[in-house]
Amino acid sequence: MKLMQRGPTSVRVTAASLLVFFVATVCPGVVLIPAALAAARQDLDRAQDLYDFAEFQQSLDLVTVLIDGGQLTETEARDAYVLRARNAIGLGLADQAKDDFCQAYRLDQTWKPDPVIFPQEEVDVFNTAIAGCQLTQVKPAESDDGK
Numbered sequence: 062m063k064l065m066q067r068g069p070t071s072v073r074v075t076a077a078s079l080l081v082f083f084v085a086t087v088c089p090g091v092v093l094i095p096a097a098l099a100a101a102r103q104d105l106d107r108a109q110d111l112y113d114f115a116e117f118q119q120s121l122d123l124v125t126v127l128i129d130g131g132q133l134t135e136t137e138a139r140d141a142y143v144l145r146a147r148n149a150i151g152l153g154l155a156d157q158a159k160d161d162f163c164q165a166y167r168l169d170q171t172w173k174p175d176p177v178i179f180p181q182e183e184v185d186v187f188n189t190a191i192a193g194c195q196l197t198q199v200k201p202a203e204s205d206d207g208k
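Take the sequence shown: its letters are residues 62 to 208, numbered as in this note's numbering.
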């Protein structure tokens with residue numbers, strides 16, 4: 062009977078407390094999401110370190126797992142595609158590098174490799190890639206006469 066006499070504020074506080082308790086006990090994975098995102102950034106940094114030490118295949122494998130995992134932010138995905146392209150160039154896989162540079166360019170058309178930091182070969186492959194890169198899929202227009 063006392064519950065009925067409480068004001069709307071105490072009912073809201075009780076409901077909010079029960080909701081927090083429910084989420085904490087039934088959905089503990091919600092707490093792990095920021096940790097997973099931080100782990101993805103750490104793995105991307107580790108892949109960059111592997112690239113810096115010319116461990117191209119290991120870096121390429123790690124970046125591919127990150128890209129396929131789909132847990133990267135848009136900026137991290139762009140960086141991952143760029144790093145995968147750079148590794149591909151180091152391994153002599155120019156076609157894969159062009160595809161990855163094109164994918165990075167689709168994600169961020171303002172990004173370009175800094176010629177002071179990037180080797181000239183990588184800048185050249187990037188420029189070649191974006192010259193032939195289709196940004197959107199164009200569907201053929203249908204005619205009005207139904208043919």
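No residue lacks a Cβ here, since even glycine has one placed at the ideal position from N, Cα and C.
Use the C-beta contact count for residue i: other C-beta atoms within 10 angstroms, 16 or more gives buried, fewer gives exposed.
{"i": "Glu-135", "result": "exposed"}
{"i": "Asp-110", "result": "exposed"}
{"i": "Pro-176", "result": "exposed"}
{"i": "Gly-151", "result": "buried"}
{"i": "Asn-188", "result": "exposed"}
{"i": "Val-186", "result": "buried"}
Any idea what DSSP makes of residue i, helix, strand or coil?
{"i": "Phe-187", "result": "helix"}
{"i": "Asp-169", "result": "coil"}
{"i": "Gln-103", "result": "helix"}
{"i": "Leu-154", "result": "coil"}
{"i": "Gly-130", "result": "helix"}
{"i": "Ala-115", "result": "coil"}
Between residue i and residue j, which are expected to be in contact by the criterion C-beta below 8 Å, what is the C-beta distance as a whole number of angstroms?
{"i": "Arg-57", "j": "Leu-123", "result": "Any property of residue 57 remains undetermined from this structure, which presents the chain solely from 62 to 208."}
{"i": "Ala-149", "j": "Asp-161", "result": "6 Å"}
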